[in-house]
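Engineer: To start, I am sharing the structure in question, which I have written as structure tokens.
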Amino acid sequence: METDRNGLEVLSREECLTLLETVPVGRIVVTISALPVILPVHFSVVDGTVVIRTSPGTKLATATRNTVVAFEADSVDAQGEVGWSVAVTGTAASVSDPVERQA
């Protein structure tokens, strides 16, 4: 088991994707009017990619069009003693292919 300098366990990509599939809500960090904004979103993991549905013309859709975003999801037990957090940074892109949209 690998740990970071704070003693936290470092998870593999596969472990992170598996954990992400266990929760329905995460948070996306976008820039709106030059300020960071954190928005709760429903999401899915499709073929190793975090997918968020949004409507055209919304601030989220505009803010995430081919821009760098951060995404985070987590789970913590009721006592706050055990939990996990997965953070992802990447470029947001719209999905236009009908087959991909269906997935």
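In this text, residue positions in the sequence shown follow the numbering used here: the first is 3, and each later residue adds one. In this text, a Cβ means the ideal position worked out from N, Cα and C, and glycines have one as well.
Give the DSSP-derived three-state secondary structure of Val101 in the structure shown.
Structural biologist: Along the sequence shown, read from residue 1 onward, the residue named residue 101 stands at position 99. In this structure, Val101 counts as helix in the three-state DSSP scheme.
Engineer: Can you tell which of Gly82, Gly28 and Glu83 has its C-alpha closest to the C-alpha of Ala72?
Structural biologist: Here residue 72 refers to the residue found at position 70 of the sequence shown. Comparing alpha carbon positions, the residue from Gly82, Gly28 and Glu83 closest to Ala72 is Gly28.
Engineer: How would you write the range of the beta strand (DSSP E) that Leu22 sits in, first residue to last?
Structural biologist: Within the sequence shown, residue 22 is the residue found at index 20, counting from 1. Run containing Leu22: none in the beta strand (DSSP E); it sits in the alpha helix (DSSP H), Arg15 to Leu22.
Engineer: Are the beta-carbon atoms of Val90 and Val47 separated by less than 7 Å?
Structural biologist: As a working mapping, residue 90 is identified with position 88 in the sequence shown. As a working mapping, residue 47 is identified with position 45 in the sequence shown. Contact: no.
Engineer: Helix, strand or coil for Ala95, going by three-state DSSP, please let me know.
Structural biologist: As a position in the sequence shown, residue 95 is number 93, starting the count at 1. Coil at Ala95, not helix or strand.
Engineer: Just curious, the beta strand (DSSP E) that Leu41 is in, first and last residue?
Structural biologist: The residue given as residue 41 occupies position 39 in the sequence shown. For Leu41, the enclosing beta strand (DSSP E) starts and ends at Leu37 to His44.
Engineer: Give me, in chain order, the residues of the same chain whose beta-carbon lies closer than 8 Å to that of Pro79; leave out the 5 immediate sequence neighbours on both sides.
Structural biologist: Start at 1 with the first residue of the sequence shown, and residue 79 comes out as number 77. Checking the displayed sequence, the identity of residue 79 turns out to be Asp instead of Pro. Non-local C-beta neighbours of Asp79 in its own chain, meaning closer than 8 Å and more than five positions away in sequence, comprise Gly85, ordered along the chain.
Engineer: Since Leu10 contacts Val88 with CB under 8 Å, what's their CB separation in whole angstroms?
Structural biologist: As a first step, residue 10 must be located in the sequence shown, where it is residue number 8. As a first step, residue 88 must be located in the sequence shown, where it is residue number 86. That pair is no contact at about 12 Å.
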